[in-house]
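Asker:
Number of protein chains: 2
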Amino acid sequence: MIPSPFLLYLGRSADALGIKTSRGLAEFRREDCLGEFRHDDCPQTLGLPRLTMEEAAAKGARTLVLGIAGAGGRLPDELIADAALALEAGMNVAAGLHERLRDQPKLASLAAERGLELFDVRDPPPNLNVGKGIPRAGHRLLTVGTDCSVGKMYATLALTWALRERGVTADFRATGQTGILIAGGGVPVDAVIADFISGAIEQLAPARPDEGWDLIEGQGSLFHPSFAGVSLGLLHGAQPEALVLCHEPGRAHMRGIAGRSLPGLAECLERNLEAARLTSPEVRAVGICLNTSAMDREAALRLCARTEDHLNLPCTDPIAFGVEAIIDRTLCPAPSAFSTTASN
Amino acid sequence: MIPSPFLLYLGRSADALGIKTSRGLAEFRREDCLGEFRHDDCPQTLGLPRLTMEEAAAKGARTLVLGIAGAGGRLPDELIADAALALEAGMNVAAGLHERLRDQPKLASLAAERGLELFDVRDPPPNLNVGKGIPRAGHRLLTVGTDCSVGKMYATLALTWALRERGVTADFRATGQTGILIAGGGVPVDAVIADFISGAIEQLAPARPDEGWDLIEGQGSLFHPSFAGVSLGLLHGAQPEALVLCHEPGRAHMRGIAGRSLPGLAECLERNLEAARLTSPEVRAVGICLNTSAMDREAALRLCARTEDHLNLPCTDPIAFGVEAIIDRTLCPAPSAFSTTASN
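These protein sequences, in sequence, are chains A and B. Take 7 as the starting number for the first sequence in the working numbering and just add one per residue. Take 7 as the starting number for the second sequence in the working numbering and just add one per residue.
#1: Could you tell me the distance, in whole angstroms, from the CA atom of residue 16(B) to the CA atom of residue 84(B)?
#2: Whose C-alpha, out of 203(B), 147(B), 242(B), is nearest the C-alpha of residue 177(B)?
#3: Can you say whether residue 231(A) is buried or exposed, counting buried as having 16 or more other CB atoms within 10 angstroms of its CB?
#4: In chain order, what residues of the same chain have a beta carbon less than 6 Å from the beta carbon of residue 114(A), not counting five sequence neighbours either side?
#5: Please state the DSSP three-state secondary structure of residue 35(B).
#6: Whether or not the region 195-202 of chain A and the region 127-137 of chain A are in contact is what I'm after, with contact meaning three or more pairs of Cβ atoms, one per stretch, closer than 8 Å; do they touch?
#7: So residue 8(B) is in the alpha helix (DSSP H); what residue range does that whole segment cover?
#8: Below 8 Å on C-beta distance, what does residue 197(B) contact in chain A?
#9: Which runs of the beta strand (DSSP E) fall wholly inside the region 281-305 of chain A and span at least 3 residues, in chain order?
#10: For residue 90(B), which residues from the same chain have a beta carbon less than 8 Å from its beta carbon, with the 5 sequence-adjacent residues on both sides left out?
#11: Tell me whether residue 336(B) sits in a helix, a strand or coil according to DSSP, three-state version.
#12: Let me know if residue 204(B) comes out buried or exposed under the rule of 16 or more other beta-carbons within 10 Å of its beta-carbon.
#13: Residues of chain A with CB under 7 Å from residue 238(B), in chain order?
#14: Quick test of your reading: residue 8(A) and residue 100(A), contact by CB under 8 Å. State the CB separation rounded to the nearest angstrom.
#15: So residue 73(B) and residue 27(B) are in contact, right, with Cβ under 8 Å, and what is the actual spacing, rounded?
#16: If you compare alpha carbons, which of 308(A), 223(A), 334(A), 14(A) is closest to residue 88(A)?
#17: Helix, strand or coil: how does DSSP classify residue 125(A) here?
#18: Below 7 Å, is the gap between the Cβ of residue 175(B) and the nearest heavy atom of the ligand NAP?
#19: With DSSP as the reference, identify every bridge partner of residue 43(A), one or two as the case may be.
#20: Counting along the chain, where does the alpha helix (DSSP H) carrying residue 88(B) start and finish?
#21: Distance, Cα to Cα, residue 313(B) vs residue 218(B)?
#22: Please report the Cβ distance between residue 255(A) and residue 229(A), rounded to the nearest whole angstrom; I am assuming they are in contact, meaning their Cβ atoms lie under 8 Å.
#23: Should residue 46(A) be labelled buried (16 or more other beta-carbon atoms within 10 Å of its own) or exposed?
#24: Can a CB atom of chain B be found closer than 8 Å to the CB of residue 111(A)?
#25: Closer than 7 Å by C-beta to residue 306(B): which residues in its own chain qualify, once you throw out the five before and the five after it? Chain order, please.
#26: When the Cα atoms are used, what is the spatial distance from residue 347(B) to residue 260(A)?
#27: Residues of the region 280-294 of chain A in Cβ contact with chain B at a cutoff of 7 Å, in chain order, please.
#28: Under 7 Å Cβ-Cβ, which residues of chain A neighbour residue 204(B)?
#29: Can you tell me which of 287(B), 130(B), 21(B), 51(B) puts its alpha carbon nearest to the alpha carbon of residue 33(B)?
#30: Got a sec: which bits of the region 83-105 of chain B sit with their beta carbon under 7 Å from any beta carbon on chain A, in order along the chain?
#31: Whose Cβ in chain A lies nearer than 7 Å to the Cβ of residue 263(B)?
#32: Here's the rule I'm using: 16 or more other beta-carbon atoms within 10 Å means buried, otherwise exposed. How should residue 350(A) be labelled?
#33: Which of helix, strand or coil does DSSP assign to residue 29(A)?
#34: Report the option in 20(B), 58(B), 21(B) whose CA atom is closest to the CA atom of residue 12(B).
#35: Assuming residue 327(A) is part of the beta strand (DSSP E), what are its boundary residues?
#36: Span of the beta strand (DSSP E) holding residue 222(A)?
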């Protein structure tokens, strides 16, 4: 386990999606977050006290979390320099990038000298096997998306808690760095060797004999040309009984690819159902989650209602409006759910 | 480059598909293959002289190629022991498994002692980027399959040579261990980090300004629950203008998964075209390649003719009957090609 309390790193990030790991910790483990570190030109804040490395260490912060991410998971020089400052101030450092902290000689030697630790959250587990797609016991729900960073993790967490409030055993299965930091475990599926994508998810959510649910955090999108392979292997490995489609209304283009528009909800859902049937022939859609944080409440409610009518599925913003209707649909399948003939 | 001549390893393999790397070298680089190594209980042969490690080294073999593979790419103890014997006899050792030769202390120290080399063909290139799916110049053809090991590499090589015989510049782009050993280069796409599948293929077959063709070897199948993520990322990264569907008639079940049947040709082709359109909206199917090596010639010809009528696409066994009709269709698109309305 990574020692808390945490200092959350924002650096110079001007990209709201780029700090999603820091934001996730600030939202879901706020009691473990002492403050945020940002440079003077960083326009963002998580509403936590702004602290220098020394101030944070003096207040008792145990670990600097480099909770920012760009495509490719590189570790730029400035992050290395700031991580070194954290070590010099006496804090451990955690990151979830493809480039590992421990592979930076400067950081490795500083940590060794001072008896501190480097946590590379994106290390996949060893000894993975290839997936087999053999039917296995248990209830599993997977969130899928029209794009990256549309709220799949938030939706999955909200659904997990809502099931628990109904008295249903439910476990959040994290597949990305933020989810893993929040949950304290999981599989960073985009960091496994390509041959083992579906196998990693079969291992993350193995057969479960009880009546409980595994709620598996989706990644990427079948429609994202960078990451669709990850999304498809995850979908096959999850062998989900239920799919929830996540989307952020108003997004101008696919994350990281200017000019590429997002798929329609019906098309995206249909393609996911079609692909999921390879390992889960009876898979069904149980709801739509919209991230409406950029909309006013009335407009958001109207959009949810319209989407619900259009797709014949419960539609909600899981943070703003809860997920009760989706839980109802998950636990009690409706006969007239979304079908392949829904228009786009 | 891996020094030839080669000694090809068959071990104890009783599985014709399990020795496909050794067989590929025996077929396509026969002049570089001195002999085969097999244990007494191995029922298979490539028709090369059976040699012990010592005999092969004495005849001048420079490298033992561990050209066998099971799902997961593990390196069992017996392979390690046999690789050690090869080193002791004075040969280098090459393998294309996920588990690396160099990570075996015994092999690493033996190689170092004797000034020999270990070649891990499945090492992905460093510094890959994520794919972007941005339109790029050049003609690209990709082979896709109903399953693993159905002849995609053979078909791709045959198409490459046939294009060259027509005077068209054409390059084979290898994506698997066998293809890489034959071509002397390529990207082992199933061994890259999952986030970089499509990016690795964009790097393998970048924009080319000439009128030449890149012929990209496909991997796996969109219908294989172990590997579909690799197949989808490869498809998106390839951004193919032309697809060739490969299939082995009569296969009882998907490779490695008893009881799972293969998809129909029309369904498989349609799903590949649909997915390919994400990065290549004008993609078209140009032919079907059947591996009919287990059928008699007349039955094979009848099956090709029937398949051709059914799918309205040229259909051939690339090894038995050549690929001229597919080349015609590739270079001169027909207006009435396979469409989404073809029955299964």
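For every residue, glycine included, the Cβ atom is placed at its ideal position computed from N, Cα and C.
Answerer: Reading from the atomic positions:
#1: The alpha-carbon atoms of residue 16(B) and residue 84(B) are separated by roughly 12 Å.
#2: The option with the nearest alpha carbon to residue 177(B) is 147(B).
#3: By the 10 Å Cβ count, residue 231(A) comes out buried.
#4: Closer than 6 Å at Cβ, skipping near neighbours: 108.
#5: Under the three-state reduction of DSSP, residue 35(B) is assigned to coil, being neither helix nor strand.
#6: Enough Cβ pairs lie closer than 8 Å, so yes.
#7: Note, residue 8(B): premise wrong, no alpha helix (DSSP H); not H, not E.
#8: Ordered by position in chain A, the residues that pass the 8 Å Cβ test against residue 197(B) are 199, 200, 201.
#9: For the region 281-305 of chain A, the continuous beta strand (DSSP E) assignments of 3+ residues that do not extend past its boundaries occur at 290-296, in sequence order.
#10: Within the same chain, and ignoring the five residues on either side of residue 90(B) in sequence, the residues whose Cβ sits closer than 8 Å to its Cβ are 112, 113, 116.
#11: It is helical.
#12: Result: buried.
#13: Simply 234, 235, 238.
#14: With a contact defined as Cβ atoms closer than 8 Å, residue 8(A) and residue 100(A) qualify at about 5 Å.
#15: In this structure residue 73(B) touches residue 27(B) by the C-beta definition: roughly 3 Å separates them, less than 8 Å.
#16: For residue 88(A), the closest of 308(A), 223(A), 334(A), 14(A) by C-alpha to C-alpha distance is 14(A).
#17: Looking at residue 125(A) - three-state DSSP - the assignment turns out to be strand.
#18: Within the structure as shown, the ligand NAP is missing, as the structure has no ligands at all.
#19: Partner(s): 15(A).
#20: Following the DSSP letters along the chain, one finds residue 88(B) inside the alpha helix (DSSP H) bounded by residues 83-95.
#21: Going by C-alpha positions, residue 313(B) is about 29 Å away from residue 218(B).
#22: That pair is no contact at about 16 Å.
#23: Under this definition residue 46(A) is an exposed residue.
#24: Look at residue 111(A): its C-beta is not under 8 Å from any C-beta on chain B.
#25: Same-chain partners within the cutoff: 298, 323, 326.
#26: Residue confidence is low: residue 347(B) scores 45 on pLDDT, short of 50, so the model does not pin down where it sits. Its coordinate-derived value is still stated next. The straight-line gap separating the alpha-carbon atoms of residue 347(B) and residue 260(A) is approximately 30 Å.
#27: Listed in chain order, the positions of the region 280-294 of chain A with a beta carbon within less than 7 Å of a beta carbon of chain B are 284, 285.
#28: For residue 204(B), the residues of chain A that pass the 7 Å Cβ criterion are 231, 232, 235, in the order they occur in the chain.
#29: Nearest of 287(B), 130(B), 21(B), 51(B) to residue 33(B), Cα basis: 51(B).
#30: Taking 7 Å as the Cβ-Cβ cut-off, the region 83-105 of chain B approaches chain A at 104, given in chain order.
#31: Within 7 Å Cβ-Cβ: 138, 139.
#32: Per-residue confidence for residue 350(A) stands at a pLDDT of 38, beneath the threshold of 50, marking its modelled position as unreliable; no derived number is given.
#33: Correct three-state label for residue 29(A): helix.
#34: In terms of Cα proximity to residue 12(B), the closest of 20(B), 58(B), 21(B) is 58(B).
#35: Per DSSP, residue 327(A) belongs to no beta strand (DSSP E); it is in the alpha helix (DSSP H), 324-327.
#36: Boundaries of the beta strand (DSSP E) harbouring residue 222(A): 219-222, taken from the DSSP string.
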